[in-house]
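Residues 30 to 282 in the numbering used here are what the sequence shown lists, from first letter to last. Don't be surprised by glycine CBs; every beta carbon is placed ideally from N, CA and C.
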Amino acid sequence: MNTTSFNPETYQAAPNLLKDKVILITGAGAGIGRTAAITYAQHGATVILLGKTTKKLEAVYDEIVKAKGPTPAIYPLDLMGASPQDYQDMVALLSKEFGRLDGLLNNVGILGVLSPIENQDVQIWHKVLQINVNATFMLTQACLPLLKSAEHASIIFTSSGVGKTGRAYWGAYAVSKFATEGLMQVLADELETNTKVRSNCINPGATRTSMRAAAYPAEDPMTLKTAEEIMPVYLYLMGADSLLVNGDSLNAQ
Ligand SMILES: NC(=O)c1ccc[n+]([C@@H]2O[C@H](COP(=O)([O-])OP(=O)(O)OC[C@H]3O[C@@H](n4cnc5c(N)ncnc54)[C@H](OP(=O)(O)O)[C@@H]3O)[C@@H](O)[C@H]2O)c1
Numbered sequence: 030m031n032t033t034s035f036n037p038e039t040y041q042a043a044p045n046l047l048k049d050k051v052i053l054i055t056g057a058g059a060g061i062g063r064t065a066a067i068t069y070a071q072h073g074a075t076v077i078l079l080g081k082t083t084k085k086l087e088a089v090y091d092e093i094v095k096a097k098g099p100t101p102a103i104y105p106l107d108l109m110g111a112s113p114q115d116y117q118d119m120v121a122l123l124s125k126e127f128g129r130l131d132g133l134l135n136n137v138g139i140l141g142v143l144s145p146i147e148n149q150d151v152q153i154w155h156k157v158l159q160i161n162v163n164a165t166f167m168l169t170q171a172c173l174p175l176l177k178s179a180e181h182a183s184i185i186f187t188s189s190g191v192g193k194t195g196r197a198y199w200g201a202y203a204v205s206k207f208a209t210e211g212l213m214q215v216l217a218d219e220l221e222t223n224t225k226v227r228s229n230c231i232n233p234g235a236t237r238t239s240m241r242a243a244a245y246p247a248e249d250p251m252t253l254k255t256a257e258e259i260m261p262v263y264l265y266l267m268g269a270d271s272l273l274v275n276g277d278s279l280n281a282q
């Protein structure tokens with residue numbers, strides 16, 4: 030494990046930080062994932078946009094092409110029902126089209142319903158764990174051989190403040206984020222020897238997206254940081270400035 034004293038206020042990413050890199054982003058159609066995809070493309074990466082709603086992915090694709098970024102790719106996939114074979118099929122296609130993968134941003138997450146543990150709906154509990162933990166695990170597992178074939182590769186998981194200290198009513202979502210931190214750490218320890226792949230977490234902090242609005246409906250969104258404002262840590266962990274960082278969990282704010 031190798032931690033860092035990264036400072037989101039002072040970090041400046043080089044304009045060509047991700048030139049010629051191939052990066053897969055989950056949940057790329059909206060929120061933080063959408064902004065990360067556009068930001069990575071602005072820094073030279075060919076991004077693979079994975080998400081549930083094709084129309085949203087197409088809009089991100091168009092935005093990147095319009096800005097003259099490297100031509101992205103779209104991979105519509107509903108992580109709720111995806112099987113291990115679906116992930117293998119995706120990786121086989123990526124391998125055929127690109128020959129390698131330099132980065133994986135595991136960004137998809139769902140909130141479920143906030144309520145006391147006593148009242149947590151069991152079906153919703155399973156759904157949250159299926160997307161936030163099981164799908165993330167299966168996708169990461171399938172991508173590992175391709176990531177290992179890159180010169181250096183970065184895997185980023187998405188955590189949360191409630192994945193570090195439990196908080197009343199955050200139920201399945203909080204438990205899924207504790208599991209995400211655990212998955213990241215176990216993988217980082219495994220990757221420490223004989224690989225050039227690193228595994229780290231980002232806690233975005235309160236960010237102006239539809240998920241945040243669902244969790245805090247009475248909050249004024251204008252008081253929150255935008256997804257654009259939290260991008261420094263997404264760039265830092267994806268690019269070569271963090272080559273020695275493995276097993277760390279960084280706050281975006
Ligand atoms: N926003 C915050 O304040 C905050 C704070 C801490 C942590 N986080 C974490 O940051 C990550 C991104 O959050 P966000 O606020 O950007 O969320 P968001 O606005 O709700 O966006 C989530 C993205 O995930 C996609 N997605 C949802 N279910 C999916 C499925 N079954 N299959 C494929 N894609 C699916 C959505 O696609 P569709 O739009 O097509 O449904 C959307 O693009 C999450 O892991 C979240 O837990 C966010």
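Query, Result
"Taking 8 Å as the cut-off, does the CB of K193 come closer than this to any heavy atom belonging to ligand 1?", "no"
"Exposed or buried, which one is S189 when buried takes at least 16 other CB atoms within 10 Å?", "buried"
"Comparing C-alpha positions only, which one of Y265, F35, L133, P105 sits nearest to H72?", "Y265"
"DSSP beta-bridge partners for N280?", "N232"
"Flag N161 as yes when its Cβ comes closer than 8 Å to any non-hydrogen atom of ligand 1, and as no otherwise.", "yes"
"Might you give, ordered along the chain, the residues of its own chain that have their beta carbon closer than 6 Å to the beta carbon of N31, omitting 5 neighbours on each side?", "L273, V274, N275"
"Keeping to the same chain, check which residues put their C-beta closer than 7 Å to that of T238; ignore five residues upstream and five downstream.", "G60, I61, A256"
"Could you tell me whether the Cβ atoms of T187 and N232 are closer together than 9 Å?", "yes"
"Check for me: the beta strand (DSSP E) holding P113 runs from which residue to which?", "Taken as a continuous stretch (DSSP letters only), P113 belongs to no beta strand (DSSP E), being part of the alpha helix (DSSP H) at 113 to 127."
"For S183, name the three-state secondary structure that DSSP assigns.", "strand"
"For G268, tell me which candidate among A66, P37, T55, A182 has the shortest Cα-Cα distance.", "A182"
"Out of M251, I184, T252, A242, point me to the one whose CA is closest to T224's CA.", "I184"
"Note down the Cα distance separating V120 from G56, rounded to an integer number of angstroms.", "17 Å"
"Which residues bound the beta strand (DSSP E) around P105?", "102 to 105"
"Return the chain-ordered list of same chain residues with a C-beta closer than 7 Å to the C-beta of L179, the five sequence neighbours on each side being excluded.", "Here residue 179 turns out to be Ala, not Leu, going by the sequence shown. Taken in chain order, the residues that qualify are R129, L130, D131."
"What's the C-alpha gap between G110 and A203?", "22 Å"
"May I ask you to check if the CB of L273 is nearer than 8 Å to at least one heavy atom of ligand 1?", "no"
"Three-state secondary structure (DSSP) at K97?", "coil"
"Leaving out five residues on either side along the sequence, give the residues of the same chain with a beta carbon under 7 Å from the beta carbon of G195.", "A203"
"Name, in chain order, the residues that DSSP records as bridge partners for T75.", "V51"
"Return yes when the Cβ of A208 is within less than 9 Å of the Cβ of N161, no when it is not.", "yes"
"Can you tell me where the alpha helix (DSSP H) holding G268 begins and where it ends?", "From DSSP, G268 is part of no alpha helix (DSSP H); its letter is neither H nor E."
"Evaluate contact between the stretch 81 to 94 and the stretch 62 to 71, counting only Cβ atoms and requiring at least three cross-stretch pairs below 8 Å.", "yes"
"Can you tell which of C172, A70, N36, I259 has the C-alpha that lies nearest to the C-alpha of K48?", "A70"
"Rounded to whole angstroms, what is the Cα-Cα separation between A235 and Q152?", "27 Å"
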